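I have placed the structure first, in the form of structure tokens, so that the comments after it can refer back to it.
Below you can see the structure in the form of structure tokens.
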């Protein structure tokens with residue numbers, strides 16, 4: 042019986058709604074060497090505002106291209122919406138610490154207490170707001186695990202915008218209930234690759250029975266946006282604008298840690314396209330770049346889709362269909378088709394250009410982990426901390442636990458902070474496989490990666 | 042665009058962990074006319090401590106039978122566990138108010154922000170604690186919608202107890218993912234009526250293809266507990282002990298309203314067995330009974346299972362198998378088989394004896410609502426407040442909205458408080474029916490009820 046547990050402070054630290062950050066933080070302003078610019082795939086020159094106008098909302102393009110403004114004020118209507126579910130709690134994982142018998146102090150920023158089930162709502166509401174401001178009819182997007190599509194459906198319902206979602210096919214099939222949540226919010230969901238777009242038909246022809254990837258779904262959504270009057274495309278990760286909106290996570294964490302008088306030693310997040318990790322670490326990276334404090338940052342990715350740990354740092358297409366701008370990033374090649382791993386949200390071939398550059402500058406580390414080990418961590422976390430985590434988030438849990446177990450060996454009482462991006466309520470089919478012992482790990486071979494690299498553009 | 046929304050206070054009021062109530066409140070202590078005692082079905086005399094020992098944990102029997110002690114201190118280990126997910130927020134429904142254009146102020150106490158998805162965890166952890174204290178090996182229980190079974194699995198995982206759950210068959214089939222959550226927490230789940238117990242086999246023989254009911258599942262769980270050494274039965278609703286533990290909801294609400302300087306006019310909750318409603322209103326009922334304040338209380342039940350609004354106030358069996366004590370309560374008859382309504386947690390033929398007595402004394406009102414109207418309210422709530430509610434909780438939302446719309450007619454700015462007991466993430470099949478327009482309403486006929494009443498015991 043767990044009678045010995047000593048809780049010497051609050052489990053959960055909530056800021057007040059009045060303490061909500063009033064501006065997002067743009068880490069590029071503090072980077073001496075900036076991320077390489079996006080390139081127009083036709084001209085191979087840096088993209089301009091005009092290049093991007095047919096695809097993105099005007100205000101969002103400004104945010105995308107601005108590498109000097111450190112703070113962007115959050116519009117009042119977005120702050121109002123944020124109050125629906127923010128500030129999110131910073132939780133001290135007393136129960137997990139006890140189970141691990143570690144001297145480390147573990148904290149997690151929990152973004153799952155909203156119906157989208159993740160941090161995605163932070164950027165969805167911002168992008169829907171700017172689309173409405175611009176007088177658009179609706180937006181198109183892709184979704185992997187379904188969190189982003191749900192978040193965008195919620196945001197569009199709030200602003201009365203039409204929402205068209207291309208959902209990675211394997212997630213669409215694994216998560217029928219996620220679809221229904223989107224439908225309840227009025228979202229229109231299509232499995233990708235579909236036969237409704239040119240690029241979808243092409244991918245289906247080239248890879249019959251393809252289970253889809255974020256790269257494919259992006260191409261389809263971009264095409265659909267351009268084909269309809271009054272529509273623009275919005276993206277849930279990778280882009281600078283998305284990382285910008287997600288800094289609300291890191292800014293709240295920074296304030297909460299200050300309140301607690303705690304200095305983080307290691308900050309950990311899972312990385313698919315980079316939105317959660319970038320949002321969480323940006324304000325701390327800023328401190329590090331300005332020489333105010335030192336931190337270790339660890340990006341955690343699945344061994345099945347190891348963009349940072351086994352990818353190349355080069356210009357590549359952001360989407361499988363090669364219709365989006367090219368980005369210099371750590372990439373497995375835009376033709377890489379990850380296996381139907383259960384962490385749908387991490388099945389992206391590339392990585393945010395900001396995070397890629399920070400990794401290249403060795404400001405941030407990266408680690409890849411295997412799926413079964415991730416679910417072992419998820420189960421331990423669920424049973425001790427009482428929250429059933431999303432498979433994506435569980436990648437961060439795995440490494441946080443590994444670091445805490447390392448502290449057990451060394452006796453160090455490090456402060457470990459990780460991002461718990463979401464809940465796993467719609468991932469029970471994956472949990473079922475884990476419970477049944479039928480979950481498999483997949484790691485791409487060097488040959489597979491080499492074949493994918495060979496198809497990358499020569500820029 | 043919703044730019045006009047004025048938020049003149051916090052959306053969410055969180056108490057600090059230090060402000061957590063330190064004792065549960067027993068409303069029977071303030072009732073002049075007490076609820077009628079449980080009867081031993083063999084002797085027809087009030088049950089004694091010894092009568093109940095083979096079925097329930099000792100400490101819980103003391104709580105069950107004590108009608109005079111007003112406050113029971115909450116053991117330290119339970120308070121520690123509560124800090125994992127409590128205090129829960131009291132939310133001002135600014136966005137819903139705006140959508141309804143009502144002068145009313147609507148508040149809801151949100152109990153869904155934990156993995157069990159509902160308030161059930163409040164009593165589960167208490168019951169698991171007392172079972173562990175008594176040195177038991179494990180517990181058996183029933184579950185309707187699955188929230189209680191999940192909560193108990195979580196609590197048993199925490200205290201390393203075995204957990205056997207009999208799940209109402211129609212919910213078991215409608216909610217495969219809910220089962221997996223229980224399994225992830227180590228729970229063993231059996232659909233009820235099953236062939237693993239004598240009473241289950243009997244019910245299956247009498248009603249071939251029975252979709253189950255809470256009454257059946259209770260009988261099976263009680264039988265299973267008695268058949269195994271070191272096991273006891275625990276129940277997620279109806280009993281006095283459960284309402285006692287759930288008063289943490291009402292006590293926190295009371296404190297939060299005081300902090301806000303708000304006096305509630307109407308307090309609303311859904312009622313299946315009565316645990317959430319009883320827990321929410323008890324402290325306010327106490328104020329009313331002591332003449333300190335006046336409130337309207339409204340119990341909301343499904344039209345498909347209208348225990349209070351169309352039942353009889355009489356002694357009846359609490360379970361379909363007639364092996365539990367008899368209770369004087371509003372009941373549709375223990376042989377009543379409700380239709381496979383989607384609000385699995387409200388499919389109980391009877392009602393807490395405390396709430397039954399309060400209803401009979403006209404301290405509390407009751408209202409029944411039809412399923413499609415409930416889902417209409419759920420959809421509006423989801424789209425405005427951003428939380429996808431459980432079908433059970435949505436019964437309370439329906440009546441809160443109706444009362445707010447009444448205020449719109451009269452111009453009164455009443456303070457309406459309701460219990461939002463849980464989230465609907467595992468109820469997407471019901472939402473799908475609603476989205477598809479294939480949801481049906483069912484209301485039992487007078488003849489059906491008369492036939493069920495005829496089978497009730499003559500006490």
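Protein chains in written order, with my numbering: chain R, 42 to 500; chain L, 42 to 500. Glycine included, each C-beta is placed from N, C-alpha and C at the ideal position. Bear in mind that the values here come from a model prediction, so they are computed numbers and not experimental data.
- Item | Straight-line Cα distance separating residue 90 of chain L from residue 380 of chain L | Against the second chain, residue 380 of chain L aligns to sequence position 339. Against the second chain, residue 90 of chain L aligns to sequence position 49. Distance between the alpha carbons of residue 380 of chain L and residue 90 of chain L is about 36 Å.
- Task: Taking the CB atoms as reference points, tell me whether residue 457 of chain L and residue 445 of chain L lie closer together than 8 Å.
- Result: Start at 1 with the first residue of the second chain, and residue 457 of chain L comes out as number 416. Start at 1 with the first residue of the second chain, and residue 445 of chain L comes out as number 404. Yes, these two residues count as a Cβ contact at 8 Å.
- Determine the DSSP secondary structure at residue 7 of chain R, reduced to helix, strand or coil. Summary: the structure shown does not reach residue 7 of chain R, with chain R confined to residues 42 through 500, and so no result is reported for it.
- Task: With DSSP as the reference, label residue 367 of chain R as helix, strand or coil.
- Result: Taking the first chain and counting its residues from 1, the one referred to as residue 367 of chain R is at position 326. Looking at residue 367 of chain R - three-state DSSP - the assignment turns out to be strand.
- Query: What is the rounded straight-line gap between the Cα of residue 491 of chain L and the Cα of residue 401 of chain L?
  - Reply: Walking along the second chain from the start, residue 491 of chain L turns up at place 450. Walking along the second chain from the start, residue 401 of chain L turns up at place 360. The alpha-carbon atoms of residue 491 of chain L and residue 401 of chain L are separated by roughly 21 Å.
- Query: What residues are listed by DSSP as bridge partners for residue 204 of chain L?
  - Reply: Position 163 of the second chain, counted from the start, is the residue given in the question as residue 204 of chain L. Paired residues: L:180.
- Could you give the residue range of the beta strand (DSSP E) that holds residue 150 of chain R? Numbered from its first residue, the first chain carries residue 150 of chain R at position 109. Element bounds for residue 150 of chain R: 146-151.
- Query: In whole angstroms, what is the alpha-carbon distance linking residue 99 of chain R and residue 105 of chain R?
  - Reply: Looking up residue 99 of chain R in the first chain gives position 58. Looking up residue 105 of chain R in the first chain gives position 64. In a straight line, the C-alpha of residue 99 of chain R is about 10 Å away from that of residue 105 of chain R.
- Task: Return the CA-CA distance between residue 323 of chain L and residue 330 of chain L, expressed in angstroms with no decimal places.
- Result: Numbered from its first residue, the second chain carries residue 323 of chain L at position 282. Numbered from its first residue, the second chain carries residue 330 of chain L at position 289. When rounded, the distance between both Cα atoms is 10 Å.
- Please classify residue 192 of chain L: does DSSP put it in a helix, a strand, or coil? Numbered from its first residue, the second chain carries residue 192 of chain L at position 151. Here residue 192 of chain L sits in helix by DSSP.
- Task: Return no unless some Cβ of chain L is closer than 8 Å to the Cβ of residue 42 of chain R.
- Result: Counting from 1 along the first chain, the entry for residue 42 of chain R is found at position 1. Bear in mind that a pLDDT of 43 at residue 42 of chain R, under 50, signals an unreliable position, so the number given afterwards is only what the model happens to contain. Residue 42 of chain R counts as touching chain L.
- For residue 455 of chain L, I'd like the list of residues in its chain whose CB is within less than 6 Å of its CB, leaving aside the five on either flank, ordered along the chain. The sequence position of residue 455 of chain L within the second chain is 414, counting from 1. Excluding positions up to five away in sequence, the list reads 145, 306, 448.
- Contact set for residue 197 of chain R: own chain, Cβ-Cβ below 6 Å, skip 5 residues either direction: The residue labelled residue 197 of chain R in the question sits at position 156 within the first chain. Excluding sequence neighbours, residue 197 of chain R sits near 169, 204.
- If you measure from the beta carbon of residue 195 of chain L to each beta carbon in chain R, is any gap under 8 Å? Numbered from its first residue, the second chain carries residue 195 of chain L at position 154. For residue 195 of chain L, the answer is yes, since a Cβ of chain R falls inside 8 Å of its Cβ.
- Query: Since residue 398 of chain L meets chain R, which of its residues come closer than 8 Å, beta carbon to beta carbon?
  - Reply: Residue 398 of chain L sits at position 357 when you count from the first residue of the second chain. Simply none; closest approach about 35 Å.
- Query: Enumerated in chain order, which unbroken segments of the beta strand (DSSP E) with a length of 3 residues or greater are wholly contained in the segment 382-413 of chain L?
  - Reply: 406-410
- Message: Is there a C-beta anywhere in chain L that falls below 8 Å from the one on residue 225 of chain R?
- Response: Along the first chain, one-based indexing puts residue 225 of chain R at 184. Yes, its Cβ sits closer than 8 Å to a Cβ of chain L.
- Message: Does chain L have any CB closer than 8 Å to the CB of residue 424 of chain R?
- Response: Translated into the one-based positions of the first chain, residue 424 of chain R becomes position 383. So, interface residue.
- Query: Is there contact between the segment 139-155 of chain R and the segment 221-237 of chain R, where contact requires at least three CB pairs shorter than 8 Å?
  - Reply: no
- Does DSSP classify residue 42 of chain L as helix, strand or coil? For this step, residue 42 of chain L is matched to residue 1 along the second chain. Low per-residue confidence applies at residue 42 of chain L: pLDDT is 43, beneath 50, and the placement is therefore not dependable enough to give any value.
- Message: With H, G and I counted as helix, E and B as strand and the rest as coil, what does DSSP make of residue 474 of chain L?
- Response: Against the second chain, residue 474 of chain L aligns to sequence position 433. DSSP places residue 474 of chain L in helix when its eight states are reduced to three.
- Among residues of its own chain, excluding the 5 on either side of residue 220 of chain L, which ones have a beta-carbon nearer than 6 Å to its beta-carbon? The residue labelled residue 220 of chain L in the question sits at position 179 within the second chain. Contacts found: 230.
- Item | chain L contacts made by the segment 102-132 of chain R, where a contact means CB separation under 7 Å | 118, 121, 124, 125, 126
- Should residue 439 of chain L go down as buried or exposed, given a rule of 16 or more other Cβ atoms within 10 Å for buried? Walking along the second chain from the start, residue 439 of chain L turns up at place 398. So residue 439 of chain L ends up on the buried side.
- Query: Does DSSP put residue 359 of chain R in a helix, in a strand, or in coil?
  - Reply: Here residue 359 of chain R refers to the residue found at position 318 of the first chain. Coil.
- Query: How big is the Cα-Cα spacing for residue 406 of chain R and residue 78 of chain R?
  - Reply: Locating residue 406 of chain R in the first chain gives position 365, counting from the first residue. Locating residue 78 of chain R in the first chain gives position 37, counting from the first residue. Their backbone Cα atoms lie some 22 Å apart in a straight line.
- Item | Sequence-distant residues of the same chain with beta carbon closer than 7 Å to residue 284 of chain R, five excluded per side | For the purposes of this step, residue 284 of chain R is taken as residue 243 along the first chain, with counting starting at 1. Here the set comprises 315, 316, 319, 320, 323, 393, 395.
- Message: Can you confirm whether the segment 415-435 of chain R touches the segment 464-482 of chain R when touching is taken to mean that 3 or more C-beta pairs between the two stretches lie within less than 8 Å?
- Response: The answer is yes - the segment 415-435 of chain R touches the segment 464-482 of chain R, with three or more Cβ pairs under 8 Å.
- Item | Closer than 8 Å to chain L by CB, residue 60 of chain R | In the first chain, the residue the question calls residue 60 of chain R occupies position 19. Not closer than 8 Å to any Cβ of chain L, the Cβ of residue 60 of chain R fails to qualify, so no.
- Item | Cβ of residue 500 of chain R within 8 Å of any chain B Cβ | You won't find chain B in this structure, because its protein chains are R and L.
- Query: Can you tell me whether residue 212 of chain L is buried or exposed, with buried defined as 16 or more other CB within 10 angstroms of its CB?
  - Reply: Along the second chain, one-based indexing puts residue 212 of chain L at 171. Its Cβ being crowded by 16 or more others within 10 Å, residue 212 of chain L is buried.
- Item | Closest residue to residue 118 of chain L among R:47, R:342, R:73, R:171 (Cα-Cα distance) | To locate residue 118 of chain L, count along the second chain from 1; it is residue 77. Taking only the C-alpha atoms, the option nearest residue 118 of chain L is R:47.
- Sequence-distant residues of its chain with Cβ nearer than 6 Å to residue 42 of chain R (five each side left out): Here residue 42 of chain R is taken as the residue at index 1 of the first chain, counted from 1. Because residue 42 of chain R carries a pLDDT of 43, less than 50, the predicted location of this residue cannot be relied on, and the following value inherits that uncertainty. Nothing listed; no residue qualifies.
- Can you list, in chain order, the residues of its chain whose CB lies under 6 Å from that of residue 76 of chain R, leaving out five sequence neighbours each side? Indexing the first chain from 1 puts residue 76 of chain R at position 35. Same-chain partners within the cutoff: 394, 395, 398.
- Query: In chain R, which residues lie less than 7 Å from residue 48 of chain L when you measure between Cβ atoms?
  - Reply: As a working note, residue 48 of chain L is residue 7 in the second chain. Near residue 48 of chain L (Cβ distances below 7 Å), the residues of chain R are 121, 124.
- Query: Name the chain R residues whose beta carbon is nearer than 8 Å to that of residue 41 of chain L?
  - Reply: Any property of residue 41 of chain L remains undetermined from this structure, which presents chain L solely from 42 to 500.
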